[in-house]
Amino acid sequence: MERIIVELLHAKGLIPESRRIFDQESISLGRAYSNDLILDDLYVSPNHILISQNNGCLQLQDLASENGVKVNENEFIQAKTISIQSGDIVSIGKTRLRIVLSNHQVEEPTRVLNKSTNKYKFLDHSWAPVLSYLIFAGTLLWFEYMKNPGEIFWEKKILGIALGSAIMGLIFSGFFCVYTHYKYKKSYFSKNIIIANLGFTALFLEDQISPFISFWIMNEDWVKILDLLTGFVFTLAIFWMCMRLIKDRMGWRDTAPLAWIPLIIVVMVASRSDEFKLGFQNKPVYDKVLALGMKPLFEPLSLDEFLEAGSREFTRFPEK
Numbered sequence: 012m013e014r015i016i017v018e019l020l021h022a023k024g025l026i027p028e029s030r031r032i033f034d035q036e037s038i039s040l041g042r043a044y045s046n047d048l049i050l051d052d053l054y055v056s057p058n059h060i061l062i063s064q065n066n067g068c069l070q071l072q073d074l075a076s077e078n079g080v081k082v083n084e085n086e087f088i089q090a091k092t093i094s095i096q097s098g099d100i101v102s103i104g105k106t107r108l109r110i111v112l113s114n115h116q117v118e119e120p121t122r123v124l125n126k127s128t129n130k131y132k133f134l135d136h137s138w139a140p141v142l143s144y145l146i147f148a149g150t151l152l153w154f155e156y157m158k159n160p161g162e163i164f165w166e167k168k169i170l171g172i173a174l175g176s177a178i179m180g181l182i183f184s185g186f187f188c189v190y191t192h193y194k195y196k197k198s199y200f201s202k203n204i205i206i207a208n209l210g211f212t213a214l215f216l217e218d219q220i221s222p223f224i225s226f227w228i229m230n231e232d233w234v235k236i237l238d239l240l241t242g243f244v245f246t247l248a249i250f251w252m253c254m255r256l257i258k259d260r261m262g263w264r265d266t267a268p269l270a271w272i273p274l275i276i277v278v279m280v281a282s283r284s285d286e287f288k289l290g291f292q293n294k295p296v297y298d299k300v301l302a303l304g305m306k307p308l309f310e311p312l313s314l315d316e317f318l319e320a321g322s323r324e325f326t327r328f329p330e331k
């Protein structure tokens, strides 16, 4: 007698999220606690299906369930018994299962463990999160120092940037650790904070070069849309990289259910920015970068800061 293996698949992929092995000729699946495999799905009947084997052949019986069973996404059965093959995908309610016998052949060849397939191993070192933070904070400090070289930077800017970048990375990685712990019973905090720091570094660098790109658009509304779209894409990419390091075969469409999270983040940032309040502002705002058709999404300057920055620009011109 072969063992029956039931794999719980991802909602929109073929990646197994869990696997159960049964040393018996038949197993029952449903929402009731009396089943061999309990499915936490409101669209599954208390006693939904029965899977049995006879001389290496699998049979699936629908136990007069409310929503029936779909085999391999095309054949629908209800209140009857059919033969299935090892490796067939069975959909019950919103749950997707792959039924496999223990003699099922593994189709994918074994990968060779080398530098190309083990390229993320350095992320497991204890110094990797610290290095990622230094890259993120160092990038912010360098650009801020180039804008405000002098006492203002050392007295008012450096501590705020150092703490702000650390808090930003911790909040994002902590939020995602809650999701990964709920989903996979492990937080992956170290990898999440590395990807968060490096992702925010790339997003900040893009924000620095965006004035040069926006200069040629010549349309303020399109610049605002581009800023929001870029923020959404970068944030979604950070989420995808976090998932990619956890599950090696993670695809983009497997991350699609998480797209609403970066969308909410971008909308919240936009709603707090005076640049996206349809022109109704409580106080005058002056752009930190003077470029035609470009108004930045983050860090608008006050009048005093704007005038002080302008005076420093004049001092840089050589006297004739």
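Heads up: the sequence shown begins at 12 in our numbering, then just goes up one per residue. Backbone N, C-alpha and C fix where the C-beta goes; we use that ideal spot for every residue, glycine too.
For residue i, count neighbouring C-beta atoms within 10 Å of its own C-beta (all shown protein chains included) and say buried if the count is 16 or more, exposed if not.
{"i": "D315", "result": "exposed"}
{"i": "R31", "result": "exposed"}
{"i": "K294", "result": "Low confidence applies here, because K294 scores a pLDDT of 48, under 50, leaving its location unreliable and the question unanswered by this model."}
{"i": "T212", "result": "buried"}
{"i": "D218", "result": "buried"}
{"i": "V189", "result": "exposed"}
{"i": "L318", "result": "exposed"}
{"i": "M254", "result": "buried"}
{"i": "P140", "result": "buried"}
{"i": "F87", "result": "exposed"}
{"i": "V80", "result": "buried"}
{"i": "W233", "result": "exposed"}
{"i": "F186", "result": "exposed"}
{"i": "W271", "result": "exposed"}
{"i": "S56", "result": "buried"}
{"i": "S94", "result": "exposed"}
{"i": "S221", "result": "buried"}
{"i": "S322", "result": "exposed"}
Chain D beta carbons: is any one of them nearer than 8 Å to that of residue i?
{"i": "W153", "result": "Any reference to chain D falls outside this structure, which holds one protein chain only."}
Which residue comes first and which comes last in the beta strand (DSSP E) that contains residue i?
{"i": "G334", "result": "Since the displayed the chain opens at 12 and closes at 331, residue 334 lies outside it and no answer follows."}
{"i": "I26", "result": "No beta strand (DSSP E) holds I26; DSSP gives it neither H nor E."}
{"i": "G92", "result": "Reading the sequence as shown, one finds Thr at residue 92 and not Gly. Here the beta strand (DSSP E) through T92 covers T92 to I95."}
{"i": "E86", "result": "E86 to I88"}
{"i": "T121", "result": "Looking at the DSSP string, T121 is not in any beta strand (DSSP E), and its letter there is neither H nor E."}
{"i": "R107", "result": "T106 to L112"}
{"i": "V82", "result": "V80 to V82"}
{"i": "S56", "result": "From DSSP, S56 is part of no beta strand (DSSP E); its letter is neither H nor E."}
{"i": "S76", "result": "Here S76 belongs to no beta strand (DSSP E), and DSSP marks it neither H nor E."}
{"i": "S395", "result": "Because the chain in this structure spans residues 12 to 331, residue 395 falls outside the shown range and cannot be described."}
Tell me which residues share the same chain as residue i and place their Cβ nearer than 7 Å to its Cβ, disregarding the 5 neighbours each side in the sequence.
{"i": "T246", "result": "P273, I276 and V277"}
{"i": "S37", "result": "L61, I62 and S63"}
{"i": "I249", "result": "I206, A207 and G210"}
{"i": "F164", "result": "E155 and Y156"}
In chain order, what residues of the same chain have a beta carbon less than 6 Å from the beta carbon of residue i, not counting five sequence neighbours either side?
{"i": "G242", "result": "V277"}
{"i": "Q35", "result": "none"}
{"i": "S143", "result": "I205, N208 and L209"}
{"i": "S102", "result": "K81"}
{"i": "A320", "result": "none"}
{"i": "Q89", "result": "D73 and G79"}
{"i": "L214", "result": "F245"}
{"i": "K105", "result": "D52 and Y54"}
Whose C-beta lies closer than 8 Å to the C-beta of residue i among residues of the same chain, with five residues either side of it excluded?
{"i": "H192", "result": "S198"}
{"i": "L20", "result": "I26, P27, E28, I100, R107, L108 and R109"}
{"i": "L11", "result": "Here the chain has residues from 12 to 331 only, and residue 11 is not among them."}
{"i": "G67", "result": "E13, L112 and N114"}
{"i": "Q96", "result": "L69"}
{"i": "T92", "result": "Q70, L71, Q72 and D73"}
{"i": "G98", "result": "R109, I110, V111 and H115"}
{"i": "M252", "result": "I206 and G210"}
{"i": "N65", "result": "E36"}
At what residues does the alpha helix (DSSP H) containing residue i begin and finish?
{"i": "T150", "result": "A139 to K158"}
So residue i packs on residue j, CB below 8 Å; how close in whole Å?
{"i": "L40", "j": "I62", "result": "7 Å"}
{"i": "N78", "j": "Y54", "result": "6 Å"}
{"i": "R42", "j": "L50", "result": "6 Å"}
{"i": "K167", "j": "E155", "result": "The pair is not a contact, with the Cβ atoms about 10 Å apart (cut-off 8 Å)."}
{"i": "I178", "j": "L152", "result": "Actually they are not in contact, since the Cβ atoms of I178 and L152 sit about 15 Å apart, beyond 8 Å."}
{"i": "S176", "j": "F200", "result": "Not a contact, Cβ separation roughly 17 Å."}
Handout entry: Three-pair Cβ contact test at 8 Å for the stretch 205-216 versus the stretch 139-154
Key = yes
Practice task
Determine, using beta-carbon pairs with one atom in the stretch 46-63 and one in the stretch 72-87, whether at least three such pairs fall under 8 Å.
Solution key: A contact between stretches requires three or more CB pairs, one per stretch, nearer than 8 Å, and the stretch 46-63 meets this requirement with the stretch 72-87.
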